[in-house]
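Have a look at the structure below, then the notes.
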Amino acid sequence: MSSKKTNELNVPEARAAMDRFKMEAAQEVGVDLKDGYNGDMTARQAGSIGGQMVKKMVEAYEKNIK
Numbered sequence: 008m009s010s011k012k013t014n015e016l017n018v019p020e021a022r023a024a025m026d027r028f029k030m031e032a033a034q035e036v037g038v039d040l041k042d043g044y045n046g047d048m049t050a051r052q053a054g055s056i057g058g059q060m061v062k063k064m065v066e067a068y069e070k071n072i073k
């Protein structure tokens, strides 16, 4: 079994862009996301942010393949 972290970004400079993307998605679904620790967030809120991010990524992909 590998001990390599799987949640590392391939391009370290992308961290800031992913954080901005996450904040934008949170704002779109009405979740108050703050910088730093967000452990007081419910699973529903976290899921809605992740779902919005996936939705936007799929839309961007579909737009690029047309």
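Quick note: the sequence shown uses my numbering, first residue 8, plus one each step. Even glycine gets a Cβ: it sits at the ideal position worked out from N, Cα and C. Since we're looking at a predicted model, the values are computed, not measured.
Task: Exposure label - I56; buried when at least 16 CB within 10 Å - done: buried
Open item on the list: Using C-beta distances below 6 Å, list every residue in its chain close to T13, excluding the 5 sequence neighbours before and after it, in chain order.
Closed with: none
Task: Which of helix, strand or coil DSSP assigns to G57 - done: helix
- [ ] Please determine, among K70, G58, Y44, E69, the residue with the shortest C-alpha to C-alpha distance to V37.
- [x] Strictly speaking, residue 37 in this sequence is Gly, with Val absent from that position. Checked all of K70, G58, Y44, E69; the closest Cα to G37 is G58.
TODO: Please classify V65: does DSSP put it in a helix, a strand, or coil?
DONE: helix
TODO: Return helix, strand or coil for K41, following the three-state DSSP convention.
DONE: coil
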